[in-house]
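Student:
Numbering (the numbering used here), first residue to last: 882 to 938.
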């Protein structure tokens, strides 16, 4: 969780929830299912923001 907190803004939005904890809660949930691969697409929006979108399977 420390890495995610260091890399993400405290007001990051993830699936309509806010904060790095929302990201970690989702990732921990995926761990229950064993071999899960996640691919992300990154987009710079205005020079200061970065949007990550999960690619469809």
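Note that CB positions come from ideal geometry on N, CA and C, so glycine has one too.
Starting from residue 934, trace the beta strand (DSSP E) in both directions and tell me its first and last residue.
Tutor: As a working mapping, residue 934 is identified with position 53 in the chain shown. That run of the beta strand (DSSP E) goes 931-935.
Student: Alpha carbon to alpha carbon, how far is residue 887 from residue 927?
Tutor: Taking the first residue of the chain shown as 1, we reach residue 887 at position 6. Taking the first residue of the chain shown as 1, we reach residue 927 at position 46. Residue 887 and residue 927: Cα-Cα distance of roughly 21 Å.
Student: Please determine, among 925, 921 and 930, the residue with the shortest C-alpha to C-alpha distance to residue 937.
Tutor: Stepping through the chain shown from its first residue, residue 937 is reached at position 56. Minimum Cα distance to residue 937 is reached at 921.
Student: At the level of alpha carbons, what is the spacing between residue 929 and residue 897?
Tutor: Within the chain shown, the letter at position 48 stands for residue 929. Within the chain shown, the letter at position 16 stands for residue 897. In a straight line, the C-alpha of residue 929 is about 21 Å away from that of residue 897.
Student: For residue 924 and residue 914, what's the separation of their Cα atoms in angstroms?
Tutor: To locate residue 924, count along the chain shown from 1; it is residue 43. To locate residue 914, count along the chain shown from 1; it is residue 33. In a straight line, the C-alpha of residue 924 is about 28 Å away from that of residue 914.
Student: Can you tell me whether residue 901 is buried or exposed, with buried defined as 16 or more other CB within 10 angstroms of its CB?
Tutor: Within the chain shown, the letter at position 20 stands for residue 901. Buried is the call here.
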